[in-house]
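The structure appears right after this line, and notes come after that.
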Amino acid sequence: MTTIENGPGTRELAGKRALVTGGSRGIGAAVVRQLLDAGAEVLTTARSATGTVPEGANFVAADVRTRAGAEALAATAQEALGGVDIVVHNAGGARPHEGALAIPDEEWQDALDLNYLASVRLDSLLVPGMRERRSGRIVHISSAAVLTPVGPFLHYVAAKAALETYSQGLALELAPFGIRVNVVSPGRTATPGGEATREQWAEVSARMDAAPGPTNAADTTPLGRDGRPEDIAHAVLFLLSDRAGWLTASNLVVDGGEFPRG
Ligand code: NDP
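Each residue of the sequence shown is one higher than the one before, counting from 106 in the working numbering.
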């Protein structure tokens with residue numbers, strides 16, 4: 106029988122070097138905190154530093170939406186950590202509009218850059234090192250919204266759907282090199298970005314005919330509440346740990362049961 110020496114509550118990721126995008130608040134900050142608790146060395150990034158970057162993490166300001174931003178971040182990570190064993194692609198989001206046809210061209214591009222191509226570009230720079238070491242762990246943060254693609258967010262949801270397909274393909278390609286690649290799809294989670302977006306969505310849907318607006322988690326989520334950033338981070342940490350050693354190309358939906366699926 107194979108035993109896993111490092112389990113939950115231990116420093117199970119000691120010696121691992123992790124990069125987390127968007128770790129200044131919300132889900133990313135919770136992931137950073139749990140990685141630090143698990144013993145990993147962590148570099149995180151956002152466009153601007155805030156007082157909420159978890160203590161103990163290295164921080165570098167970066168915008169992941171461009172190839173140049175990804176290159177600068179990968180170079181900094183290489184220099185600061187000496188190599189990257191773990192990547193959590195968490196930075197994401199988009200502004201809602203009055204239906205699919207009202208989304209401006211530049212916001213389609215922006216949504217693709219932030220929610221999809223940022224991961225593709227960073228992976229292309231960081232995976233070669235993992236492949237050489239024949240070891241690596243990657244988590245892409247998608248969204249349970251992919252399961253209900255509504256017009257005001259179609260640019261965001263389509264980009265996340267592309268991210269999921271890309272992630273699964275990458276997982277198959279990298280499995281022979283000992284690199285595991287998985288997706289975590291949060292349901293509605295109480296974060297600064299999530300709350301601001303739902304307020305904008307309520308305003309937008311009020312101006313539209315027969316458009317669904319944001320729901321109340323207490324009514325629509327079987328577990329009766331919004332997610333907490335820590336709920337999502339627990340799932341991410343599990344997928345990064347040795348406990349998930351036989352999991353790759355998976356998509357863990359963490360949504361309080363809102364969207365049941367097999
Ligand atoms: P927040 O808006 O609260 O935090 C987002 C983080 O990403 C911040 O640190 C932000 O810092 C950073 N960020 C945003 N844009 C960029 C950029 N261009 N370059 C670098 N960093 C950036 O988001 P959440 O914690 O709510 O969301 C985290 C992830 O979870 C996202 O991918 C989101 O799509 C997904 N998600 C969230 C849900 C929710 O209900 N909260 C539901 C489903 C999915 P700064 O602005 O300073 O750059």
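Glycine included, C-beta positions come from ideal geometry on N, C-alpha and C.
These numbers come from a predicted model, not from an experiment.
Secondary structure of SER290, DSSP reduced to three states
By 1-based counting over the sequence shown, the position of residue 290 is 185. Strand at SER290.
Alpha helix (DSSP H) segments (min. 4 residues) lying fully within the segment 194–224:
The alpha helix (DSSP H) runs lying completely inside the segment 194–224 and spanning 4 residues or more are 210–217, given in chain order.
How big is the Cα-Cα spacing for ALA151 and TRP351?
The count along the sequence shown starts at 1 and reaches residue 151 at position 46. The count along the sequence shown starts at 1 and reaches residue 351 at position 246. Using only the alpha carbons, I get a separation of about 32 Å.
Below 8 Å on the Cβ atoms is my contact criterion, and I expect VAL286 with LEU279 to pass it. Report the Cβ-Cβ distance as a whole number of Å.
For the purposes of this step, residue 286 is identified with residue 181 of the sequence shown, where counting begins at 1. For the purposes of this step, residue 279 is identified with residue 174 of the sequence shown, where counting begins at 1. Beta-carbon to beta-carbon, VAL286 and LEU279 are separated by about 6 Å, close enough to satisfy the 8 Å threshold.
From SER229 to VAL359, what does the alpha carbon distance come to, in whole angstroms?
Position 124 of the sequence shown, counted from the first residue, corresponds to residue 229. Position 254 of the sequence shown, counted from the first residue, corresponds to residue 359. Using only the alpha carbons, I get a separation of about 27 Å.
How many angstroms separate the CA atom of VAL251 from the CA atom of LEU259?
Locating residue 251 in the sequence shown gives position 146, counting from the first residue. Locating residue 259 in the sequence shown gives position 154, counting from the first residue. Rounded to the nearest angstrom, the two C-alpha atoms are 9 Å apart.
What are the residues that DSSP puts in a beta bridge with ASN356?
Counted from its first residue, the sequence shown places residue 356 at position 251. Paired residue(s): VAL288.
Please classify PHE369: does DSSP put it in a helix, a strand, or coil?
This structure cannot settle anything about residue 369, because the visible part of the chain is limited to 106 through 367.
Straight-line gap, PRO365 to PRO327 (C-alpha atoms, nearest Å):
Counting from one through the sequence shown, the residue named residue 365 turns up at place 260. Counting from one through the sequence shown, the residue named residue 327 turns up at place 222. About 10 Å.
Which residue's Cα is closest to the Cα of ALA175: ALA145, LEU231, LEU217 and SER153?
On the sequence shown, position 70 is the one that residue 175 refers to. The option with the nearest alpha carbon to ALA175 is LEU231.
Would you mind working out which of SER129, ARG122 and THR126 sits nearest VAL147, comparing C-alpha positions?
Translated into the one-based positions of the sequence shown, residue 147 becomes position 42. Among SER129, ARG122 and THR126, the Cα nearest to that of VAL147 is on ARG122.
Please classify GLY133 as buried or exposed, where buried requires at least 16 neighbouring CB atoms within 10 angstroms.
One-based indexing of the sequence shown puts residue 133 at position 28. Answer is buried; the Cβ neighbour count reaches 16.
Considering just the uninterrupted stretch of the beta strand (DSSP E) at GLU146, what are its terminal residues?
Position 41 of the sequence shown, counted from the start, is the residue given in the question as residue 146. Unbroken beta strand (DSSP E) run through GLU146: 146–151.
Please tell me whether ALA338 and ALA135 are closer than 7 Å, where the distance is taken between their beta carbons.
Position 233 of the sequence shown, counting from 1, holds the residue named residue 338. Position 30 of the sequence shown, counting from 1, holds the residue named residue 135. Yes.
If you reduce the DSSP assignment to three classes, tell me which class GLY241 lands in.
Numbered from its first residue, the sequence shown carries residue 241 at position 136. The answer is strand: DSSP assigns GLY241 an E or B state.
When you compare each of LEU268, THR149, ASP324 and ASN321 to ILE191 by their alpha carbons, which one comes out closest?
Position 86 of the sequence shown, counted from the first residue, corresponds to residue 191. Checking every option, the nearest Cα to that of ILE191 belongs to THR149.
Report the residue from HIS245, ILE246, VAL244 and ALA266 whose alpha carbon sits nearest the alpha carbon of THR253.
Here residue 253 is taken as the residue at index 148 of the sequence shown, counted from 1. For the set HIS245, ILE246, VAL244 and ALA266, the Cα lying nearest the Cα of THR253 is the one of ALA266.
THR294 and GLY329 - do their beta-carbons sit closer together than 7 Å?
Along the sequence shown, one-based indexing puts residue 329 at 224. Along the sequence shown, one-based indexing puts residue 294 at 189. Between GLY329 and THR294, the C-beta gap is not smaller than 7 Å, which leaves the two residues out of contact.
Best match in GLY156, ALA216, LEU124 and ALA166 for proximity to ARG130 [C-alpha to C-alpha]:
Along the sequence shown, read from residue 1 onward, the residue named residue 130 stands at position 25. Here the closest residue by C-alpha is GLY156.
Assign ARG330 to one of three DSSP states: helix, strand, or coil.
The count along the sequence shown starts at 1 and reaches residue 330 at position 225. Three-state DSSP puts ARG330 in coil, outside helix and strand.
GLU347: beta carbon under 6 Å from a heavy atom of the ligand NDP?
Taking the sequence shown and counting its residues from 1, the one referred to as residue 347 is at position 242. Strictly speaking, residue 347 in this sequence is Asp, with Glu absent from that position. Not under cutoff, so the answer is no.
Can you give me the start and stop residues for the beta strand (DSSP E) that ARG303 sits inside?
As a first step, residue 303 must be located in the sequence shown, where it is residue number 198. First-last for ARG303: 297–311, but that is the alpha helix (DSSP H), not the beta strand (DSSP E).
Using the Cα positions of PRO159 and GLU211, report the straight-line distance between them to the nearest angstrom.
Residue 159 sits at position 54 when you count from the first residue of the sequence shown. Residue 211 sits at position 106 when you count from the first residue of the sequence shown. PRO159 and GLU211: Cα-Cα distance of roughly 33 Å.
Once the 5 residues before and after ALA162 are set aside, which same chain residues still bring their CB inside 6 Å of it?
By one-based count along the sequence shown, residue 162 stands at place 57. The residues are VAL137, VAL147 and THR149.
Measure the beta-carbon distance from VAL189 to VAL341 and round it to whole angstroms, keeping in mind my assumption that it falls under 8 Å.
Taking the first residue of the sequence shown as 1, we reach residue 189 at position 84. Taking the first residue of the sequence shown as 1, we reach residue 341 at position 236. In fact, because the Cβ distance is near 16 Å, the residues do not count as touching under 8 Å.
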